[in-house]
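Taking it in order: structure first as structure tokens, then the write-up.
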Amino acid sequence: MSNTDDSKKGHAINPAANQDGMAKGLTNYGDRGFSLFLRKAFIKGAGYTDKALDRPVIGITNTGSAYNPCHGNMPQLMEAVKRGIMMAGGLPMDFPTISIHESFSQPNSMFLRNLMSMDTEEVLLAAPMDAVVLIGGCDKTVPAQLMGAASAGLPAVQLITGSMLTGSHRSERVGACTDCRRYWGKFRAEEIDAEEIAEVNGKLVASVGTCSVMGTASTMACIAEALGMTVPGGATPPAVTADRMRVAEESGALAVELARKRLGIDQILTEKAFENAMRVLLAIGGSTNGIIHLTAIAGRMGFEIDLKALDRMGRETPVLLDLKPSGIHYMEDFHAAGGMATLLRELKPLLHLDAMTVTGRTLGEEIDAAGPGFKQDVVKTASNPIYPQGGIAVLEGNLAPGGAIIKQSAAHPQLMEHEGRAVVFENLEDMANRIDSPNLDVTPEDILVLKHIGPKGAAMPEAGYMPIPKKLAVAGCKDIVRISDGRMSGTAFGTIVLHVTPESAIGGPLAYVQNGDRIRLSVANRELSLLISDEELARRASLKPVVIPTAQRGYRKLFLESVTQADKGVDFDFLMPPATAGKIPKK
Ligand code: FES
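So, in structure tokens, the structure goes:
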């Protein structure tokens, strides 16, 4: 017998004595004692001792994948998390889940987010663990993990993989993916040639890690910290830095503490935490996708994000963070400027400082513990913001009875009050076929309308950022009003109305817009109107009943039958709890 084998020294197989650690969630054979006996027999086959198996068990989601360079530092992160868990007296147990990268997800990553959340939730429930470290980074992964963990109800710490470093092209600093879009726009407008665009392609992503601007990944990292789900300072360290590895080690240690204190996720993801996250989303000029994901995470806790209230909050919450695409800096600059502590300190009067965080201390206590601020130029002061209102405005009108949104901080000021003629594309294929045609009847004063890219129409791709029609781009047009029921990348910019609800595929008014209709956009009045009468709209609807997309089998069938609209977070209806706990914010 090995001298480390203490199976005969009092580690009885008695599941009634302990419901934690390895004794949690036993496979059901109708005999709990046998279930634990069998589990331990198998895990000992991997060389574990009873002494190790008696420790608090901390799960770690391993979302490393050759298809996900945004998670390319996973091996180093895993090692650091395990070190932290072991130092704190826990037993690390890593397991794989689905990993989603934006550019390696067909038809698009939103289609897979709910699947990843289900995968995460079910493994968290199926395998024994007292707490979990969720490692995510690329756009859909953090929301999927928070949704899954919220539903599973386990103590959880979110660890972010971290942003990529910026690169350099002919002395100009570049980073994915705002600069990807900018350079592609230059190429389309024939300002740069094929040789230069190929050269830029090798410079935009200078290391592993998530997009280096305030895209959806960075937005969700900041939201996770604002929710109190990360270690303080966990949002901003770049992927390849020592700071990121220290955050990983701390996350592991913290998860052991969470398990010991039994600090559940329901004590962190409260109404106050979500309201803080809404403030942060507005103040960072965050991705429009952040609203959808925050709505979905809140929905798992039974809360409903009140979009009108978000808009009201936006009117009193300035954009303070000077990051692309709303500003000029990159995530590594935000980290050097003190990261989220600098932002939260400035936002303090607008936050619920008594919201609990995974450290067991309140958000206010963590802001104070971060110490005083210092001179920097990335986070502006409330008296000198980069944009006077929140980054996102919520629109309403007969074209979007359930609401639509616009990222006003990244829009062209002269187009935010605009009336124009609709140039309609029936779907993505139609747009791809005609957008660059020299015969397209379009002027810079027109409004591009793209239908059938909502949740049921096309799994809501980031196609709301329609390209400027080639003939206008070549003539120097840099922006044009665009409207759709789809999403856009958080790294994109322009006067772009998104998330039109209800979507065209289920018969929302957008389905009945015709070429030549007049549309009015007024961001000041929060208005999105199709300038035709109600009678004419009803007449068009009666002439063209919609056929809602269906599928014969598999996950696509589940998706199409269950997916909700943008105002419900594009979650599956059956994953949301049956009773709602109310709106956020309450007043
Ligand atoms: Fe992964 Fe941008 S593609 S964060």
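Taking the working numbering, I'd label the letters of the sequence shown as residues 3 to 589. Built from N, CA and C at the ideal position, the CB exists for glycine as well.
Residue i: CB within 7 Å of a non-hydrogen atom of the ligand FES
{"i": "D181", "result": "no"}
{"i": "E431", "result": "no"}
{"i": "S105", "result": "yes"}
{"i": "A178", "result": "yes"}
{"i": "C224", "result": "no"}
{"i": "T212", "result": "yes"}
{"i": "D141", "result": "yes"}
{"i": "A237", "result": "no"}
{"i": "A219", "result": "yes"}
{"i": "C72", "result": "yes"}
Residues bridged to residue i (per DSSP)
{"i": "L590", "result": "With the chain covering 3 to 589 only, the question about residue 590 has no answer from this structure."}
{"i": "L397", "result": "A406"}
{"i": "T212", "result": "S165"}
{"i": "H331", "result": "L325"}
{"i": "Q160", "result": "L136"}
{"i": "T364", "result": "M358"}
{"i": "H420", "result": "L523"}
{"i": "F574", "result": "V565"}
{"i": "M95", "result": "G61"}
{"i": "V425", "result": "L450"}
{"i": "L206", "result": "Note: L206 sits in no beta bridge, so no partner."}
{"i": "E529", "result": "E398, S524"}
{"i": "G584", "result": "F305"}
Buried or exposed (CB count within 10 angstroms, at least 16 for buried), residue i
{"i": "Q160", "result": "buried"}
{"i": "I330", "result": "exposed"}
{"i": "E1", "result": "Because the chain spans 3 through 589 in this model, residue 1 falls outside it and cannot be assessed."}
{"i": "Q391", "result": "buried"}
{"i": "G86", "result": "buried"}
{"i": "T143", "result": "buried"}
{"i": "F495", "result": "buried"}
{"i": "P130", "result": "buried"}
{"i": "S328", "result": "buried"}
{"i": "S101", "result": "buried"}
{"i": "A406", "result": "buried"}
{"i": "G236", "result": "buried"}
{"i": "L533", "result": "exposed"}
{"i": "Y514", "result": "buried"}
{"i": "Y31", "result": "exposed"}
{"i": "T582", "result": "exposed"}
{"i": "M89", "result": "exposed"}
{"i": "Q108", "result": "exposed"}
{"i": "K559", "result": "exposed"}
{"i": "T361", "result": "buried"}
{"i": "A434", "result": "exposed"}
{"i": "Q554", "result": "exposed"}
Neighbourhood of residue i by C-beta distance below 6 Å, restricted to the same chain and skipping five residues each side
{"i": "E123", "result": "G150, S153, A154"}
{"i": "A54", "result": "L93"}
{"i": "I199", "result": "F189"}
{"i": "L156", "result": "L126, V134"}
{"i": "M112", "result": "A461, M462"}
{"i": "V425", "result": "V444, D448, L450"}
Close Cβ partners of residue i (< 8 Å) along its chain, the five nearest in sequence each way excluded
{"i": "F97", "result": "G61, I62, T63, N64, V125, A129"}
{"i": "G341", "result": "G235, A237, T238, P239"}
{"i": "R317", "result": "Q391, G392"}
{"i": "N400", "result": "P511, S531, L532, D536, L539"}
Own chain residues within Cβ distance below 7 Å of residue i, not counting five before or after
{"i": "D313", "result": "A395, V396, R528"}
{"i": "T552", "result": "L562"}
{"i": "Y467", "result": "M490, S491, A494, G496, I498"}
Closer than 7 Å: residue i CB and nearest the ligand COA heavy atom
{"i": "E273", "result": "The ligand COA is absent from the structure shown, which contains only the ligand FES."}
Any C-beta of chain D under 8 Å from that of residue i
{"i": "M333", "result": "This model lacks chain D altogether, as it is built from one protein chain only."}
I'd like to know if the segment 543-562 and the segment 411-424 are in contact, where contact means that at least 3 CB-CB pairs between them fall below 8 Å. Between the segment 543-562 and the segment 411-424 there are fewer than three inter-stretch CB-CB distances shorter than 8 Å, so the stretches are not counted as touching.
Any 3 or more C-beta pairs closer than 8 Å across the segment 21-32 and the segment 53-60: Yes, since at least three Cβ pairs between the segment 21-32 and the segment 53-60 fall closer than 8 Å, the two stretches touch.
Any contact of the segment 277-291 with the segment 471-491, i.e. 3+ C-beta pairs under 8 Å? Output reads yes: the segment 471-491 touches the segment 277-291.
Would the segment 457-469 and the segment 564-583 be scored as touching if the rule is three or more Cβ pairs under 8 Å? Of all C-beta pairs linking the segment 457-469 to the segment 564-583, three or more are shorter than 8 Å, placing the two stretches in contact.
For the segment 240-251 against the segment 215-230, are there 3 or more C-beta pairs whose distance is under 8 Å? Result no; under three Cβ-Cβ pairs closer than 8 Å.
Would you check if the segment 197-217 and the segment 255-263 touch, i.e. whether three or more CB-CB distances between them fall below 8 Å? The answer is no - the segment 197-217 does not touch the segment 255-263, with fewer than three Cβ pairs under 8 Å.
At least 3 beta-carbon pairs within less than 8 Å: the segment 331-347 vs the segment 374-390: Touching, per the Cβ criterion.
Report yes or no: do three or more beta-carbon pairs, one from the segment 497-514 and one from the segment 446-457, lie closer than 8 Å? Taking 8 Å as the limit for Cβ pairs, the verdict is that the segment 446-457 does touch the segment 497-514.
Is there contact between the segment 223-243 and the segment 172-187, where contact requires at least three CB pairs shorter than 8 Å? Result no; under three Cβ-Cβ pairs closer than 8 Å.
Cβ contact check for the segment 570-589 and the segment 270-285: 3 or more pairs under 8 Å: Because the criterion of three Cβ pairs below 8 Å is met, the segment 570-589 and the segment 270-285 touch.
How do the segment 469-476 and the segment 515-527 stand: do at least 3 beta-carbon pairs fall below 8 Å, yes or no? Too few Cβ pairs lie closer than 8 Å, so no.
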